[in-house]
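Shown next, in structure tokens, is the structure this report addresses.
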Amino acid sequence: MTALWFSHLQSPSLWPDTFHIPSFSYDVELKLEKAHEAFREKGTLLIPDPKLKSDIQGLIQEIVRYKVYVTDRKFDQVAKALVLRHQCLLEKGSGTGYGERKTSLKYKLSNYRTNLRKVGCPEINAEFRRITTMPLQSRFLSQLDLHSANLLRVFVKRSGQQGKTLRDIVAMMTDMTEGNTLSAIERTVAGIYVARQTPGSNSSDVGVILKGVVVLRDLENVALATAMLFGFFYILNMRYPSKLHYTLEVIQKIIMELDAADLSRKAQSLTSKVDQ
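Pasting the structure below:
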């Protein structure tokens, strides 16, 4: 299979030697602090109610900054870090003190990957319209038609680092085995892939990758995939990855005209060049 990994693909951050447990919401931290006082004074362990347990499992958002496929050893590392910071969460009768916490995190991460795969184009379009009152797919494609000639004129003039980046993207069009394709997917935070027909394969595909998971496939073209990738980030209110930040900002603020008054310096520069 020949695959092109389109635009900048950002690999997740390296897994840390010591996993940092982030602060939870104010209410959760308050409950944990009171439980810690009881643990310190009487040795009382906290048995989280369903809501608190769910809030603690929000730790998954920190895990997926690094990986969406996590080894058993790394789950140990996370669960151990959790009970070291919040000792009231230690489990009585558990050999490690965090067996149930580890199992819950595994289950939550598995659900996270499953839910990503369940979201399709209709759901993204419907949620985007609900939030913004505008249609995602038709709006993006019509605005892209409107801006494409001027954008292409600007891009043709680019050289230096921008030119090297474009050459690097082209160089990534390579024959890929199933094994290294899967590896590339798992290492991708956000991107679009194109699989093309080869003599040994009659299949072609365009899809979207998010957090190491193929969340959409069998899309008609790269333009539609780009709209869906942006839609995912927007409806889930996800922070743009650093290497895709300005690309997604341009799509949001210049192409889609959402929050268009608040442009970064780079986006302002592009707008000026497009308008020349």
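So the number in the numbering used here is just where the residue sits in the sequence shown, counting from 1, plus 14. Backbone N, C-alpha and C fix where the C-beta goes; we use that ideal spot for every residue, glycine too. Here the structure is a predicted model, which means the values were calculated and not measured.
Quick check on DSSP: helix, strand or coil for residue i?
i    : result
V229 : strand
M187 : Residue placement at M187 is poorly supported in this model, since its pLDDT is 49, which falls under 50; the coordinates still yield a value, given next. DSSP places M187 in coil when its eight states are reduced to three.
V276 : Contrary to the premise, residue 276 reads as Asp rather than Val in this sequence. Looking at D276 - three-state DSSP - the assignment turns out to be coil, as it is neither helix nor strand.
M242 : helix
T202 : coil
H9   : Outside the displayed range of the chain (15 to 290) lies residue 9, so it cannot be described from this structure.
V133 : coil
T285 : helix
V84  : coil
K10  : Residue 10 lies beyond the range of the chain shown here (15 to 290); nothing can be said about it.
D69  : helix
K106 : coil
P149 : coil
N251 : coil
L59  : coil
G111 : coil
Q157 : helix
Q91  : helix
Q290 : coil
E76  : helix
N139 : helix
N235 : coil
T16  : With a pLDDT of only 43 at T16, under 50, the local geometry of the prediction cannot be trusted, and the value read off the model is given with reservation. T16: strand per DSSP, three-state reduction.
L28  : coil
E271 : coil
S39  : coil
H50  : helix
H259 : helix
Please state whether the Cβ-Cβ distance between residue i and residue j is less than 9 Å.
i    : j    : result
I206 : L243 : yes
I35  : L66  : no
G245 : L160 : no
L103 : L59  : yes
R210 : G226 : no
V229 : S218 : no
Q101 : F53  : yes
E234 : V220 : yes
V168 : K287 : yes
I77  : R115 : no
L28  : V82  : no
Tell me whether residue i is buried or exposed, calling it buried when 16 or more other Cβ atoms sit within 10 Å of its Cβ.
i    : result
G134 : exposed
S118 : buried
A275 : exposed
M13  : Outside the modelled stretch of the chain, which goes from 15 to 290, sits residue 13, for which no answer is possible.
T240 : buried
K33  : Going by the sequence as given, residue 33 is Phe instead of Lys. By the neighbour-count rule (16 or more Cβ atoms within 10 Å), F33 is buried.
Q282 : exposed
L262 : buried
P62  : buried
E271 : exposed
Y40  : exposed
R153 : buried
Y112 : buried
P136 : exposed
K255 : Checking the sequence shown, residue 255 turns out to be Pro, not Lys. Per the 10 Å Cβ criterion, buried.
Tell me, please, which residues DSSP counts as bridged to residue i.
i    : result
G221 : Y207
Just to confirm, does residue i get its C-beta within under 8 Å of one of the non-hydrogen atoms of the ligand FAD?
i    : result
D159 : Of ligands this structure carries none, so the ligand FAD is not represented either.
Original post:
Between the segment 81-92 and the segment 135-153, are three or more C-beta pairs nearer than 8 Å?
Top reply: no
Original post:
Would you say the segment 162-171 touches the segment 44-59, given that touching needs at least three Cβ pairs under 8 Å?
Top reply: With the cut-off at 8 Å, the segment 162-171 and the segment 44-59 do not touch.
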